[in-house]
Amino acid sequence: MSDQQPPDLDALRAAHPDHWRRASAIRALTLDAVAAAKSGHSGMPMGMADVATVLWSKHLKFDASHPDWADRDRFILSNGHGSMLLYSLLHLTGFANMTIEQIRNFRQLGSVTAGHPEYEYRHSAGIEATTGPLGQGISMSVGFAIAEESLRARFGRKIVDHHTYVMCGDGCLMEGVSQEAIALAGRLELSKLIVMFDDNGITIDGKVSLSDITDQRQRFMASGWDVLEVDGHDPDAIDAVLTQAKGGKKPTMIACRTHIALGSSAQDTAKGHGALTDPEVVSATKRAYGWDESPFHIPDDLKAQWEAIGSRGAEERAAWEGRVADLGSGKRGEFERVTSGTAPRKLSATIKALKRQIAESKPSVATRKSSEMVLEVVNPIMTETIGGSADLTGSNNTLTKGMGIFSPENRAGRYIYYGIREHGMAAALNGMALHGGVRPYGGTFFCFTDYARPAMRLSALMGVPVTYVMTHDSIGLGEDGPTHQPVEHLAICRATPNMNVFRPCDTAETAEAWELALTSERTPSVLSLTRQNLPTLRTRFSARNLVAQGAYVLADAEAGKRLVILMATGSEVEIAMEARSLLERDGIGTRVVSMPCWELFEAQDEKYRKSVLPAGPVRVAVEAGARMGWDRWLSGERGRRDKGSFVGMDGFGASAPYEELYAHFGITAEAVSNAARALL
Numbered sequence: 001m002s003d004q005q006p007p008d009l010d011a012l013r014a015a016h017p018d019h020w021r022r023a024s025a026i027r028a029l030t031l032d033a034v035a036a037a038k039s040g041h042s043g044m045p046m047g048m049a050d051v052a053t054v055l056w057s058k059h060l061k062f063d064a065s066h067p068d069w070a071d072r073d074r075f076i077l078s079n080g081h082g083s084m085l086l087y088s089l090l091h092l093t094g095f096a097n098m099t100i101e102q103i104r105n106f107r108q109l110g111s112v113t114a115g116h117p118e119y120e121y122r123h124s125a126g127i128e129a130t131t132g133p134l135g136q137g138i139s140m141s142v143g144f145a146i147a148e149e150s151l152r153a154r155f156g157r158k159i160v161d162h163h164t165y166v167m168c169g170d171g172c173l174m175e176g177v178s179q180e181a182i183a184l185a186g187r188l189e190l191s192k193l194i195v196m197f198d199d200n201g202i203t204i205d206g207k208v209s210l211s212d213i214t215d216q217r218q219r220f221m222a223s224g225w226d227v228l229e230v231d232g233h234d235p236d237a238i239d240a241v242l243t244q245a246k247g248g249k250k251p252t253m254i255a256c257r258t259h260i261a262l263g264s265s266a267q268d269t270a271k272g273h274g275a276l277t278d279p280e281v282v283s284a285t286k287r288a289y290g291w292d293e294s295p296f297h298i299p300d301d302l303k304a305q306w307e308a309i310g311s312r313g314a315e316e317r318a319a320w321e322g323r324v325a326d327l328g329s330g331k332r333g334e335f336e337r338v339t340s341g342t343a344p345r346k347l348s349a350t351i352k353a354l355k356r357q358i359a360e361s362k363p364s365v366a367t368r369k370s371s372e373m374v375l376e377v378v379n380p381i382m383t384e385t386i387g388g389s390a391d392l393t394g395s396n397n398t399l400t401k402g403m404g405i406f407s408p409e410n411r412a413g414r415y416i417y418y419g420i421r422e423h424g425m426a427a428a429l430n431g432m433a434l435h436g437g438v439r440p441y442g443g444t445f446f447c448f449t450d451y452a453r454p455a456m457r458l459s460a461l462m463g464v465p466v467t468y469v470m471t472h473d474s475i476g477l478g479e480d481g482p483t484h485q486p487v488e489h490l491a492i493c494r495a496t497p498n499m500n501v502f503r504p505c506d507t508a509e510t511a512e513a514w515e516l517a518l519t520s521e522r523t524p525s526v527l528s529l530t531r532q533n534l535p536t537l538r539t540r541f542s543a544r545n546l547v548a549q550g551a552y553v554l555a556d557a558e559a560g561k562r563l564v565i566l567m568a569t570g571s572e573v574e575i576a577m578e579a580r581s582l583l584e585r586d587g588i589g590t591r592v593v594s595m596p597c598w599e600l601f602e603a604q605d606e607k608y609r610k611s612v613l614p615a616g617p618v619r620v621a622v623e624a625g626a627r628m629g630w631d632r633w634l635s636g637e638r639g640r641r642d643k644g645s646f647v648g649m650d651g652f653g654a655s656a657p658y659e660e661l662y663a664h665f666g667i668t669a670e671a672v673s674n675a676a677r678a679l680l
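First residue of the sequence shown? That's 1 in the working numbering, and the numbers climb one at a time after it.
Following this line, the structure appears as structure tokens:
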């Protein structure tokens, strides 16, 4: 920590010359890249280089030539501002796309060396997760560890047996999401999870003691972790403590006592946290390391040492491939299917069979119940699904028969009780999806997307197909009142790039939405589901997935008599259908368009969009949420002067039975039909 005596660099170098030289390469590349960019964070990579060098050279199981090897150890840099630590390691160990040119272009447009590590569709091999917002990396790591345990239970230790290693700092541990994550990991006894805490006592503002007195060791122990301590600049001690951690039966936190910006004039200060760009400071720091190479130059013999570390796992990887090949064809095929993220062939047929049953039985149920009906038939055939809820299992309807509960005693269980931890749950879902081999979904009330939002945004940014089951989607939840009634949340989710927001109107649409969510490759899905019962509006069976078009004509006027188009989502499609009856009774030809997923409708070609929403008829939209976003559809492709009419919410809700709330806020068939008449 910062109140320790400064280390004797000459003594460290003399005691461990080979190690010191390898670690100095990380520090030198960091200094060069940050100085060239005139931007970045030098201190953390300089302080944690010794820990990273020991981890990567002696413990981390990986093969730089096969970065996606399924049984590799995962390394997550939660304090992602120290990204040059990871980029240096990837370059030195021989990851093909992390060239010295990429290091030179640190933080520049078009490079893979962004300011913080970015996963984004495998932005760069070796980056397991996007770790910009502090706390998210350590929280996602819990999901990585859950996925490893689940797959090991399913396919055996010979096929799945690896660790998840995390580096984090005080910033990650101060963010509240970290407590949700470490408490969950402790309860689940995720012994393959090892966190290395950069215990340097410094934040951007200065000493940690300015704002925090938490004993992080006691905090982790109280949450069910093993806790170890080590001098973060003693390679022998680091090696020993990592060996001990790997043999533990609980998740392990290692408090690594380090000096931020080691060897520089900014060591152990807030200035050391940021960018060290002054040429004199850079030169003096390199001299302190005994490093006299030109910028960005790594001596050939040293690079060869690091590349040997990068290929160290090749033999183990080849042996693993042999074990996979020796699996029976059925088990091997299933392992390859789930790790590739491919849905089972039976999924489409299963959804079609359910839709046929729905058309016959015409259930009148809440779409949260519809979701459960879908999961009841999907979970038995899609055995890679892992579900859960943030203490709302009975309300979210996310648990189905035969899943079993994931616990220390039952790693084959596929349902997780997350507790009241929306932040941590959403981050863990990301970790599971990033790890691969499982299809995670998690539930809570839709208004609590406010708590899950940071991780949901990262789902979209990274392009991982997490499914968020968000029930109680509007004022329709009733008596719990405005604190629980989402009003602006649809608009917030829809405003997020690369996120599909589904608000189905009945069980048929819910089934189709689930099919799309479970087959998505690079886009997360939000299922916004009702508490109140809804009738079956899709009474005729359709083999096609109509939700895949985003919007479609549910009911129409006679040709040539269409004067009004009513647009709606979710529970308000029923209201639109009732309003249509009122208008048609008076000879006003009316089309009803269900719009369960705006994002997919936007992705259709212009011809299809115009066929659903043709120019001419007046337009009215109805949704029990904020208007924001609806003007896009009210105005049409080229815009309308009147921009149509919207029936919905312009403030927060109230506490009352939902029928009274719809009447109170004027979200009724009469209000919709009157709005249409006013436009004619």
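Ideal placement from N, C-alpha and C gives every residue a C-beta, glycine not left out.
- Under the three-state reduction of DSSP output, E315 falls in the helix class.
- Excluding the 5 residues flanking it on each side, G176 has same chain C-beta neighbours closer than 8 Å at G135, H423, in chain order.
- For E189, the CB contacts under 8 Å within the same chain, skipping 5 residues up- and downstream, are G224, K249, K250, P251, P408 in chain order.
- When only Cα atoms are considered, L458 and V374 end up about 27 Å apart.
- With distances taken between CA atoms, T569 lies nearest to A551 out of G666, A145, A551.
- Contact annotation, D71 with I159: C-beta distance approximately 7 Å; criterion of less than 8 Å satisfied.
- Excluding sequence positions up to five before and after E384, its CB lies within less than 8 Å of the CB of V338, G437, V438, R439, all in the same chain and listed in chain order.
- Sequence-distant partners of D212 (beyond 5 residues in either direction) whose C-beta falls short of 8 Å from its own C-beta, in its chain, are D170, M174.
- Taking G443 as reference, the option from M462, A621, A460, V466 with the minimal CA-CA separation is V466.
- Looking at the DSSP output, F155 sits in no beta bridge, so it has no partner there.
- Per DSSP, the continuous beta strand (DSSP E) segment holding N500 begins and ends at 500 to 502.
- If you draw a straight line from the Cα of W306 to the Cα of V51, it comes to about 15 Å.
- With a cut-off of 8 Å on Cβ pairs, the stretch 103 to 110 is in contact with the stretch 29 to 46, counting three or more such pairs.
- DSSP places E372 within a helical segment (H, G or I) once states are collapsed to three.
- The alpha helix (DSSP H) runs lying completely inside the stretch 464 to 515 and spanning 4 residues or more are 489 to 495, given in chain order.
- DSSP lists V195, V227 as the beta-bridge partner residues of M253.
- Sorting M456, V553, H66 by C-alpha distance to the C-alpha of V526 places M456 at the top.
- For S459, the uninterrupted alpha helix (DSSP H) segment begins and ends at 449 to 462.
- Spatial neighbours of H259 in its own chain (CB-CB distance under 6 Å, excluding positions within 5 residues in sequence) are listed in chain order as G47, Q267, D268.
- Here T539 is not near K352, since their CB atoms are 9 Å or more apart.
- Under DSSP, the beta-bridge partners assigned to L77 are M167.
- Assigned with DSSP and collapsed to three states, R411 falls in coil, not helix or strand.
- Distance check between R323 and each of E599, F665, D161, L679 places D161 closest, using alpha-carbon atoms only.
- Between the alpha carbons of A452 and H472 lies a distance of about 15 Å.
- For S24, same chain residues with a beta-carbon under 6 Å away, outside a window of 5 residues either side, are Y289, W291 in chain order.
- In the structure shown, M48 adopts helical secondary structure according to DSSP, grouped into three states.
- Sorting K610, Q549, Y608, S611 by C-alpha distance to the C-alpha of P596 places Q549 at the top.
- Distances from the alpha-carbon of G476 to those of A428, N533, L490 put N533 closest.
- The three-state reading of DSSP puts F144 in helix, counting H, G and I together.
- Residue nearest to L86 within the set I138, K58, R27, S635 is R27 (criterion: CA-CA distance).
- In this structure, E479 sits away from P617, with a CB-CB distance that is not shorter than 9 Å.
- For F106, no beta strand (DSSP E) run applies, since DSSP gives it neither H nor E.
- The beta-carbon separation of N79 and M44, rounded to 6 Å, stays under the 8 Å limit for a contact.
- Counting along the chain, the unbroken beta strand (DSSP E) around T590 starts and ends at 589 to 594.
- By the Cβ neighbour-count rule, P279 is exposed, with fewer than 16 other Cβ atoms within 10 Å of its own.
- Between the alpha carbons of A428 and A284 lies a gap of roughly 43 Å.
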